[in-house]
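Novice:
Numbering (the numbering used here), first residue to last: 10 to 253.
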């Protein structure tokens, strides 16, 4: 696999413990998959998807309270999804929702491998499209109810995740919009915006100071997660460091 293509972050959602174990066992054999968690209900998965960056769902259809299909339909920006079920009559419903593939239980490894390869091809296409976003036009529109507000991404200081909403911070104002952090991040140029924490995406041109595990933008202190600090220093700071 090319080093340019990141691993796909996966979430396994199934109300049967044995099915969860089996899917994780299969996923652990694939070098381009990283299992970020397992959930027993769609409600639990809903929280995880909104709080984390998930690229691929392994989603059981038949679950209590909220079925896999109901859960998938209500996601505003769903990740790629592979449906799993013991009932073949759901296949057409799954394809209506544009899922990457559909696995019938019990799941054999060769069929699993075929499905995840299909999902990875789509993931690679999405990544390339995202990275090739033309940056000539700095303007975007954000939606608030039936109102569309024109903004310039150049003026965004940082983006803050607030569960189902995100808050765009500017020098003299902020906008709260009903959009996931993942969707916002995919709309912004990757060479200007950097995720320093699961809750914060920053515009690197507005960084004033980095000290320890903290970063300052417009006199506002933001946390840097331990896992992101080294990458931030390598990609942003060391390239422009005068005194070494």
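Beta carbons are placed, not taken as given, at the ideal position from N, Cα and C, and that holds for glycine. Computed from a predicted structure; not experimentally measured.
Quick one: give me the first and last residue of the beta strand (DSSP E) that residue 159 is part of.
Specialist: Start and end: 156-161.
Novice: Using the beta-carbon count (16 or more within 10 Å), is residue 172 buried or exposed?
Specialist: Exposed, since its Cβ has fewer than 16 Cβ neighbours within 10 Å.
Novice: Here's the rule I'm using: 16 or more other beta-carbon atoms within 10 Å means buried, otherwise exposed. How should residue 36 be labelled?
Specialist: Result: buried.
Novice: Report all residues from its chain with a CB closer than 7 Å to the CB of residue 169; omit the five preceding and five following residues, and keep chain order.
Specialist: Contacts found: 175, 176, 178, 208 and 209.
Novice: What does the alpha-carbon distance come out to for the pair residue 230 and residue 165?
Specialist: If I take the Cα positions, the gap works out to 16 Å.
Novice: Per DSSP, what are the beta-bridge partners of residue 8 in this structure?
Specialist: Residue coverage of the chain in this structure runs from 10 to 253, which leaves residue 8 outside it and unanswerable.
Novice: At which residues does the beta strand (DSSP E) containing residue 153 begin and terminate?
Specialist: 148-153 is the extent of the beta strand (DSSP E) around residue 153.
Novice: Count the other C-beta atoms from every protein chain shown that fall within 10 angstroms of the C-beta of residue 26, then say buried if there are 16 or more, exposed otherwise.
Specialist: Classification for residue 26: exposed.
Novice: Report the CB separation of residue 211 from residue 226 in whole angstroms; it is logged as a contact under 8 Å.
Specialist: Rounded, the Cβ-Cβ distance is 6 Å, consistent with contact.
Novice: Where does residue 226 sit, in a helix, a strand or coil, going by DSSP?
Specialist: Residue state, collapsed to three classes: strand.
Novice: Grab me the residues of residue 189's own chain with a C-beta within less than 6 Å of its C-beta, minus the 5 sequence neighbours each way, in chain order.
Specialist: For residue 189, where only same-chain residues beyond five positions count, the Cβ hits under 6 Å are 86.
Novice: Where does residue 176 sit, in a helix, a strand or coil, going by DSSP?
Specialist: Three-state DSSP puts residue 176 in a strand.
Novice: Quick one: is the Cβ of residue 27 within less than 7 Å of any heavy atom of the ligand GDP?
Specialist: No copy of the ligand GDP appears in this structure; indeed no ligand is present at all.
Novice: Assuming residue 116 contacts residue 93 (C-beta within less than 8 Å), just tell me the rounded distance between them.
Specialist: Confirmed, Cβ separation roughly 7 Å.
Novice: Taking Cβ positions, are residue 46 and residue 68 nearer each other than 8 Å?
Specialist: Against a cut-off of 8 Å, the Cβ pair of residue 68 and residue 46 comes out as no contact.
Novice: Quick one: Cα of residue 197 to Cα of residue 181, how far?
Specialist: If you take the alpha carbons of residue 197 and residue 181, they lie about 20 Å apart.
Novice: May I have the straight-line CA-CA distance separating residue 248 from residue 238, to the nearest angstrom?
Specialist: Cα to Cα, residue 248 sits roughly 15 Å from residue 238.
Novice: Quick one, which of 163, 183, 193 and 236 has its alpha-carbon nearest residue 216's?
Specialist: Closest option to residue 216, Cα to Cα, is 163.
Novice: Look up residue 201 in the DSSP assignment and say whether it is helix, strand or coil.
Specialist: Reduced to three states, the DSSP call for residue 201 is coil.
Novice: Less than 8 Å between the C-beta atoms of residue 221 and residue 232, yes or no?
Specialist: For residue 221 and residue 232, no; Cβs fall outside 8 Å.
Novice: Could you check where the alpha helix (DSSP H) with residue 68 kicks off and where it finishes?
Specialist: Looking at the DSSP string, residue 68 is not in any alpha helix (DSSP H); the run it does join, the beta strand (DSSP E), is 65-69.
Novice: Roughly how many angstroms separate the alpha carbons of residue 153 and residue 194, rounded to a whole number?
Specialist: Those two C-alpha atoms are separated by around 18 Å.
Novice: Could you work out which residue in 235, 111 and 44 is closest to residue 70 when comparing CA atoms only?
Specialist: That would be 111, whose Cα lies nearest to the Cα of residue 70.
Novice: Hey, residue 73 and residue 24 are a contact pair by Cβ (cut 8 Å); roughly how many whole angstroms apart?
Specialist: Yes, they are in contact, since the Cβ atoms of residue 73 and residue 24 sit about 6 Å apart, within 8 Å.
Novice: Where do the ends of the alpha helix (DSSP H) carrying residue 52 lie?
Specialist: 51-60 is the span of the alpha helix (DSSP H), which, as asked, contains residue 52.
Novice: For residue 115, name the three-state secondary structure that DSSP assigns.
Specialist: Here residue 115 sits in coil by DSSP.
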